[in-house]
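Heads up, the sequence shown stops at 261 in the UniProt record's numbering, and the numbers go up one at a time, no gaps.
Beta carbons are placed, not taken as given, at the ideal position from N, Cα and C, and that holds for glycine.
Shown next, in structure tokens, is the structure this report addresses.
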Amino acid sequence: MTSVYDNERLAASYAFDRPPVHQQILKSARLRGPVGRALDIGCGAGVSTAALVPSAGQVIGLEPVPAMLAHRRSVAPSARFAVGTAEALPFASGSFDLVAAAGSLDYADLPSALAEVARVLTPDGTFLLYDYSKGRCSPTADALATWFTSFEQRFPSPAGRRPPAVPGLPLAGAGLRLLDRVDVEVSVPMTFDGYLRYVLGEVNVASAIARGADSAEEAGDWCRRTLAEVFAPGELTVVFRGYLATLARADPCDVSEGVWG
């Protein structure tokens, strides 16, 4: 079955219309400074990969759906990219000093994916597991939360996502250990047009269009019309809440292959 992420429109939206949340969350990481090599698992359009660039000399983004990488050179021009899954990372053991996964393990077989993360980490490597909520609320506009509820009723989230609970992760079997977990909150000023582009790029909308429940024009018209009153006062501060977990494991070092330029 075709993935909802195998979608040119969604790839462009993820590349250019997502708010700058990844960078802010990664600032909460207690890293010792730039490392040699970093891997971003399930990198999507490459926005999360770009956020890792200041943390490593070489950054590689891994994505299971090739279509999502259409704009990789614009989004993260200094990074490299490969196609592959979290359960079978196409890299040799001990390849990376830093591995990150931003919500991508929601779709993975956790025991297999975590074991693969442990395998590709260097002995003193760091694994950053993080995620954040949709921008559904604002401290300056209660109406946004009400609107987002109606948005999710019209455009339900597709099935298949299973967000992992960090305290319940099968770490022992993978050989990983949890060092730290912090809650994070990122506030982003957004205009009406910026927020409209963001929500129209949510996977909820892409799924509705793919199954024929709405056309792109119908979805855009509904969101534009119903959001107008919410943004009537002007720019709003939109809050994204999430977490950042820091994990580690010692493994032998080696070199990886199979990377795109």
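Check, Outcome
"What does the alpha-carbon distance come out to for the pair Gly-201 and Pro-167?", "31 angstroms"
"Would you report the Cα separation of Pro-34 and Val-65, rounded to the nearest angstrom?", "29 angstroms"
"Buried or exposed for Ala-232, going by 16 or more other Cβ atoms inside 10 Å?", "exposed"
"To the nearest angstrom, how far is it from the Cα of Ser-150 to the Cα of Asp-221?", "15 angstroms"
"Of the residues Arg-181, Asp-131, Gly-94, Cys-43, which one's Cα is nearest the Cα of Leu-69?", "Cys-43"
"Suppose the cutoff is 7 angstroms on Cβ atoms and the five residues either side in sequence are ignored; what does the same chain contact list for Glu-87 look like?", "Ala-108, Asp-109, Ser-112, Ala-113, Glu-116"
"Could you give the distance in angstroms between the alpha-carbon of Val-203 and the alpha-carbon of Leu-10?", "7 angstroms"
"What residues match up with Phe-240 in a beta bridge as DSSP calls it?", "Val-186"
"So which of Val-205, Ala-79, Cys-223, Pro-163 has the shortest CA-CA distance to Gly-57?", "Ala-79"
"Return the chain-ordered list of same chain residues with a C-beta closer than 7 angstroms to the C-beta of Thr-49, the five sequence neighbours on each side being excluded.", "Asp-40, Cys-43, Val-59, Gly-61, Ala-76, Ala-79"
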